[in-house]
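Contents: one structure, followed by commentary.
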Amino acid sequence: MITLPARKPGRSARATRRSALLLDRERAARQLADEPYDVLVVGGGITGVYTALDAVSRGLRTALVEKDDFASGTSSKSSKMVHGGLRYIEQGNVNLVRHSLLERHRFRRNAPHLVHRLPFLFPVLEQEGVFDPRLAKGFEGLLWTYDLVGGWRIGKLHQRLSVPQVLAHAPTLRSEHLRGGLLYFDSRADDARLTLTVARTAAALGATVLNGARVDALLTSGGRASGARVTVDGQELEVRARAVVNATGVWSDRLDAMADTEHSDQVRPAKGVHIVVPWHKLRIDCTVTVPIPGRARRATCTRWGDTVVLGTTDTDYTGSVDDVHCTREEMEFLLQGARTAFDAELTPDDVLGSIGGLRPLVGKKEGATLDMSRDHHITVGPTGMVTVTGGKLTTSRHMGELVVDKVLGVLGQKARSRTVHLPLLGGAGYDAEAVAASGGLAAHLGERYGTEARFVHDLIAEDPSLAEPVVASLPYTRAEVVYAARAELARSVDDVLSRRLRARLFARDASAEAAPEVGALLGRELGLSDAEVERQVSAYLDSVRHEKQVLFGDREGAAA
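Per this note's numbering, the sequence shown runs over residues 2 to 561.
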């Protein structure tokens with residue numbers, strides 16, 4: 002086993018790294034207990050980690066705690082789009098689109114290894130389409146608006162396509178009513194890896210970040226929020242901070258209630274689901290937007306490697322926020338949309354994986370969630386705790402900036418944000434075209450780690466067996482499991498397979514078969530007992546079984 006030297010905290014993340022940034026749980030826990038902080042961020046989703054990055058980059062002593070894992074809530078279950086949002090233009094919210102497109106540009110500049118350009122195709126159908134030829138001209142006006150308010154920064158303007166051009170992008174699209182298409186450009190990202198990379202960038206600048214750290218109570222001093230009582234690996238500790246941020250998303254009402262016993266719930270969860278099917282069933286090279294018969298919302302079909310991701314729904318949710326999955330009804334809804342648009346026989350047996358997540362919307366309690374604003378909300382409570390809700394992945398950097406502005410107001414300080422031009426780890430000096438041209442393992446690792454991929458290559462150079470795939474049919478290697486344990490605070494089989502590798506989404510059953518090997522690798526790296534490894538593997542298999550029971554029904558899930 003090779004030992005990668007730890008990086009000293011506090012150096013600029015811009016610098017070319019000569020050694021891997023290793024994150025150690027025990028050291029982080031000691032720091033949380035022993036060191037006073039200017040700000041404690043609660044919540045390790047994309048909003049929380051960008052808040053931590055903005056705070057530490059302004060010179061604030063910063064800590065972030067997450068009760069489960071980074072991105073384990075909404076931020077690993079989004080549509081994975083970094084986009085302006087055409088729908089917001091249709092709703093008349095041009096300012097949100099303009100700002101979102103600017104933030105998209107910043108993401109592409111600061112994280113070129115993680116945020117990639119993606120073409121979106123709207124087929125124009127004579128009947129039963131998103132729109133027919135009469136409406137296409139008006140919709141193209143929306144695309145011109147999209148381009149003019151910021152879409153142009155991606156380097157391409159929208160295009161009108163002929164029928165053969167549409168079929169070149171989507172050869173299995175039903176063509177009997179096809180009259181052409183419109184193509185425009187946005188971006189996509191692996192949301193879980195993006196969130197983790199922001200957290201690691203904050204750590205590189207000196208922030209203390211830790212997953213598996215549950216807040217049990219808030220600390221107050223003189224009626225002001227002054228930290229939290231946190232449980233880490235069974236140990237209770239107190240984290241002292243001059244300011245506290247609640248960035249827990251759909252769980253934010255719980256933390257607000259700890260700070261204010263008279264708090265009334267503000268968040269209205271909206272559920273979105275996605276399913277994954279084999280690429281050979283649909284054979285698309287972009288995102289194709291298709292209608293769902295009898296439904297107002299359009300569905301999207303996005304190629305991701307050898308699979309296609311179908312999504313999303315947008316419905317009210319009243320169940321447990323700790324147990325959210327795609328149901329059989331929701332799966333059939335998405336399959337129906339794909340079958341209507343494509344000449345493809347898709348059945349539940351083709352579904353390789355699924356996710357269900359909740360958007361933390363704030364606003365009116367009546368009406369459809371689809372019509373509710375995705376704008377963020379930032380408030381300062383009676384104890385001075387800053388709470389942020391709403392928003393979306395694309396605008397997370399700016400949300401973090403605004404939250405820290407509020408924190409500085411609480412602290413009575415001033416400092417300018419630095420994150421507009423701050424590259425994320427692996428982004429500085431990354432050449433996307435050169436990496437893509439290299440192909441094979443180099444391209445795979447480059448698109449996940451950027452310039453930090455060399456540290457994974459170092460592991461393989463030391464032990465060539467680590468180059469072997471760890472999950473059947475997927476490109477992830479054994480080295481990535483080792484790196485996740487050493488450098489990415491992965492604690493469990495689920496942390497690795499669900500978020501560090503995304504294997505559970507793209508090949509659920511194959512990930513279950515790989516769980517024992519992942520457990521063995523983690524056991525060696527983290528010094529886990531055989532009993533603990535067995536417990537983690539069993540917990541992962543139980544979780545997969547539960548997902549399938551919800552997705553397919555008790556009989557099919559129990560037999561799986």
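Built from N, CA and C at the ideal position, the CB exists for glycine as well. Predicted, not measured: the structure shown is a model, and the values here were computed from it.
- Contact between His-114 and Gly-447 holds: CB atoms are separated by about 6 Å, below the 8 Å threshold.
- Between Phe-123 and Thr-301 a beta carbon distance of about 10 Å is seen, past the 8 Å cut, so the two are scored as non-contacting.
- When the Cα atoms are used, Arg-105 and Gly-250 turn out to be separated by approximately 21 Å.
- Between the region 45-61 and the region 253-265 there are fewer than three C-beta pairs closer than 8 Å, too few to call the two in contact.
- Secondary structure of Asn-111 (DSSP, three-state): helix.
- Lys-138 sits exposed, since fewer than 16 C-beta atoms from the chains shown fall within 10 Å of its C-beta.
- Using a Cβ distance threshold of 7 Å, Gly-382 and Ala-515 do not count as a contacting pair.
- In this structure, Thr-202 lies near Leu-54, with their beta-carbon atoms less than 7 Å apart.
- Here the region 536-553 makes contact with the region 492-502; the two share three or more CB pairs at distances below 8 Å.
- For Ile-356, no alpha helix (DSSP H) run applies; the uninterrupted beta strand (DSSP E) run containing it begins and ends at 354-363, by DSSP.
- Within the same chain, and ignoring the five residues on either side of Ser-439 in sequence, the residues whose Cβ sits closer than 8 Å to its Cβ are Gly-447.
- Nearest C-alpha to Leu-219 among Val-231, Val-210, Ser-101, Ala-208: Val-231.
- The Cβ-Cβ distance between Val-210 and Leu-362 does not fall below 7 Å.
- The alpha-carbon of Trp-305 is positioned some 32 Å away from that of Leu-527.
- Cβ-Cβ distances below 6 Å link Gly-410 to nothing in the same chain once the five nearest sequence neighbours on each side are left out.
- Restricted to the region 222-293, the beta strand (DSSP E) segments that are unbroken, complete and at least 3 residues in length are 225-233, 236-247, 268-279, 288-291, listed in chain order.
- Per DSSP, the unbroken beta strand (DSSP E) holding Ile-379 starts and ends at 377-381.
- Contact between Val-42 and Ala-248 is confirmed by a C-beta separation of about 6 Å, below the 8 Å threshold.
- About 6 Å separates the Cβ atoms of Val-519 and Val-482, confirming a contact at the 8 Å cut-off.
- According to DSSP, residue pairing for Leu-174 in a beta bridge involves Phe-343.
- For Phe-123, the secondary structure class from DSSP, reduced to helix, strand or coil, is strand.
- Of the other Cβ atoms in all chains shown, fewer than 16 fall within 10 Å of the Cβ of Asn-96; this residue is therefore exposed.
- The Cβ-Cβ distance between Val-471 and Ser-512 does not fall below 7 Å.
- Phe-186 is bridged by DSSP to Pro-120.
- The three-state reading of DSSP puts Arg-180 in strand, counting E and B together.
- Boundaries of the beta strand (DSSP E) harbouring Asp-39: 38-43, taken from the DSSP string.
- The alpha-carbon separation between Glu-177 and Ala-339 amounts to approximately 16 Å.
- Residue pairing by DSSP leaves Cys-327 without any beta bridge partner.
- A distance below 7 Å separates the beta carbons of Asp-148 and Leu-158.
- Assignment of beta-bridge partners to Asp-406 by DSSP yields no partner.
- About 11 Å separates the CB atoms of Val-274 and Val-352; that is not less than 8 Å, and the two are not in contact.
- About 7 Å separates the CB atoms of Arg-189 and Val-83; that is less than 8 Å, so the two are in contact.
- From the listed residues Ala-454, Phe-343, Ile-155, Thr-319, the smallest Cα separation to Val-268 is found for Thr-319.
- Around the beta carbon of Lys-415, a 10 Å sphere encloses fewer than 16 other beta carbons of the protein chains shown; the residue is thus reported as exposed.
- Judged by their CB atoms, Arg-500 and Ala-193 are nearer to each other than the 7 Å cut-off.
- For Pro-470, DSSP records a beta bridge to Thr-478.
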